[in-house]
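Below is one structure, written out as structure tokens; the observations come after it.
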Amino acid sequence: MARITLRSGRERPIIQHHPWVFSGAIGVVRGEPTPGEAIDVFAASGEWLARGFWSGSSQIRVRLASWDPEEPLDDTWLRAALARAIAGRAAFYTPGNDACRLVFAESDGLPGLIVDAYGPYLVVQLLTQGMAVRREAVIAALTDLLQPAGIYERSDADVLEKEGLPPAEGLRWGEPPPDQLRLKAALPADSLRPAMLADLRHGQKTGFYLDQALNRVRVAAYSANAEVLDGFSYSGGFTLAAAQAGAAQITAVDSSRPALNLLRANLALLSTPPPIALVEGDVFQVLRTYRQEERRFDLIVLDPPKFAHSQAQVDRAARGYKDINLLAFQLLRPGGILATFSCSGLVSSDLFQKIIFGAAVDARRDAQIIERLSHAPDHPILLSFPEGEYLKGLICRVW
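Under my numbering, think of the first position of the sequence shown as 3, with each following residue one higher.
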């Protein structure tokens, strides 16, 4: 087995079970590790520290998976790790019936692997070299553990380029999912009312934003009799939750026509929806138009896509978040509610709050934080890996 030795003084994060070894921490590489190969990590003193997977094209050279020197990272380890992750969702996941994230990469000890369940189907993402070379073993283990109707791969995230991996998509086992799959969320089982449609093959992420399942319920609690603006609405998770909770009127804005078409199909599942306007356009520009028209809302939801894909983009992302939230503050009636989110992992919770504060100051509005939101519990956050906490949200009451 190939091995690396760290530079002196670089062992502490590894001892504390942080799962990433950056290229700058490596002193010596012995052997010629191949992409995804299991590799041992040693301290400069010669002490064995951990074992992980080699990613030679990435700044994160090793993704750690075991701190047990007697544990080989073989198919037996892989199956046990998958079984542990699935068992951790037992309190809210019923195989074959619900929508739920079953494996959350490093946070479940399986670096670079995402597994989402949508009814009887699984959608997987293999986003690191270590998982990509174990594709067949992953599919075999999932088939054995869950007996799904089909397993579809959606390895199309931007991180693939950093890993030196090409996108990979297609049916990996069983039957393909339908074009639109009716689903419900497992957190809790009735948190999406009514059930919604997901596009597992062409939709965002793995077909749906499972991480927002409980947040939709929390935000909808403020929507009774409210005039609601859902910015970056996608297929309507927040829109449908607000409609079900008694919103008086909803305006849903998104730049994607396919997303709005899916939202329109979801609206057909409602028995008595309130008036809902679907607006195709750039949310920044649409909100500026509404400001010129002096429109006002009681509840505004902002759930934009990731603005920062690298550290170099954080400043630009901060300006984007400030701009869109400033517009929202200006469009809210006194006593109105702003539910605002960032899914950029590189934008910390502290920075995000400071950005929202700056937007409120520039809008000359006072606001109170009444709730802080994060991932649903099927997206657990490993204590030794705070980078896994990418989603943060604030519900603010505006004066």
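Cβ coordinates follow ideal geometry from the N, Cα and C atoms, glycine included.
Considering Cα atoms alone, identify which of the options is closest to residue i.
| i | options | result |
| --- | --- | --- |
| A341 | K308, F234, V30 and S350 | F234 |
| A82 | I116, L147 and L51 | L147 |
| L183 | P168, G172, P169 and G205 | G205 |
| A369 | L272, G111 and V400 | V400 |
| E373 | R174, A223 and I62 | A223 |
| V219 | A244, L353, L264 and S109 | A244 |
| D99 | S225, P122 and I339 | Checking the sequence, you will find Asn at residue 99 rather than Asp. The shortest C-alpha separation from N99 is found at P122. |
| G111 | I88, R259, L231 and Q355 | I88 |
| G176 | C398, S157, E163 and Q149 | Q149 |
| L75 | G152, P113, V230 and L328 | P113 |
| L265 | D232, F286, Q355 and Q61 | D232 |
| A267 | L242, K324, G337 and S351 | L242 |
| D352 | P306, T274 and A320 | A320 |
| L375 | Q355, A134, M133 and D364 | Q355 |
| Q313 | P97, S346 and A215 | S346 |
| Q18 | F387, L396, R9 and I397 | F387 |
| R65 | E72, A52 and P71 | A52 |
| I6 | G29, P15 and P21 | G29 |
| D284 | D300, Q131 and L304 | L304 |
| K308 | P276, S350 and R297 | S350 |
| I410 | R298, R203, S258 and A107 | Limits of the chain in this structure are 3 at one end and 401 at the other, which puts residue 410 out of reach. |
| R32 | W50, A4, I41 and R12 | A4 |
| Q131 | A143, L185, E155 and K164 | K164 |
| D118 | R137, P97, L384 and S225 | P97 |
| V255 | F286, A142 and G248 | F286 |
| L216 | W56, D70, V363 and F94 | F94 |
| I16 | Y323, F240, L348 and A67 | A67 |
| R293 | Y323, Q315, T274 and N327 | N327 |
| D70 | G54, G166, L8 and Q61 | G54 |
| V140 | Y120, C398, E72 and A107 | A107 |
| A330 | Y392, S273, I397 and P275 | I397 |
| E34 | A27, Q315, A46 and W56 | W56 |
| A197 | N263, V221, Y120 and I252 | Y120 |
| T253 | S273, P260, V288 and V221 | V288 |
So, is residue i buried or exposed, given that buried needs 16 or more other C-beta atoms within 10 angstroms?
| i | result |
| --- | --- |
| G48 | exposed |
| E39 | buried |
| K394 | buried |
| F24 | exposed |
| D160 | exposed |
| E171 | exposed |
| D380 | buried |
| T208 | buried |
| G238 | buried |
| A191 | Residue placement at A191 cannot be trusted, given a pLDDT of 46 that sits under 50; what the coordinates show is reported in the next sentence. Classification for A191: exposed. |
| V43 | buried |
| W22 | buried |
| S344 | buried |
| A92 | exposed |
| N227 | exposed |
| A279 | exposed |
| W50 | exposed |
| E13 | buried |
| D317 | exposed |
| S10 | exposed |
| S273 | exposed |
| S59 | exposed |
Which residues does DSSP pair with residue i in a beta bridge?
| i | result |
| --- | --- |
| I278 | I252 |
| V23 | V64 |
| K394 | S344 |
| Q370 | R399 |
| E229 | Q251 |
| M198 | L185 |
| V126 | V117 and E155 |
| A92 | DSSP, once it has assigned bridges, lists no residue as partnering A92. |
| G11 | DSSP output for G11 lists no bridge partner at all. |
| L334 | F299 |
| V43 | I6 and A52 |
| N173 | Checking the displayed sequence, the identity of residue 173 turns out to be Leu instead of Asn. Looking at the DSSP assignment, L173 forms a beta bridge with Y154. |
| L375 | G395 |
| F106 | I116 |
| R137 | Note: R137 sits in no beta bridge, so no partner. |
| V2 | As displayed, the chain neither begins before 3 nor continues past 401, which places residue 2 out of reach and without an answer. |
Could you tell me whether any Cβ in chain D is nearer than 8 Å to the Cβ of residue i?
| i | result |
| --- | --- |
| A170 | Of the chains in the structure shown, none is chain D; there is only one protein chain. |
If residue i sits next to residue j, beta carbons under 8 Å apart, how far is it from one beta carbon to the other, in whole angstroms?
| i | j | result |
| --- | --- | --- |
| L212 | A101 | 6 Å |
| A250 | E282 | About 23 Å separates the two Cβ atoms, so there is no contact after all. |
| L202 | V125 | 5 Å |
| L128 | L144 | Incorrect: roughly 12 Å between the Cβ atoms, too far for contact. |
| Y154 | R174 | 7 Å |
| P169 | G152 | With 8 Å as the limit, P169 and G152 do not qualify as a contact, their Cβ atoms being about 20 Å apart. |
Please specify which runs of the alpha helix (DSSP H), each continuous and at least 4 residues long, are wholly inside the stretch 263-325, giving them in chain order. For the stretch 263-325, whole alpha helix (DSSP H) runs of length 4 or above, ordered along the chain, are 285-294.
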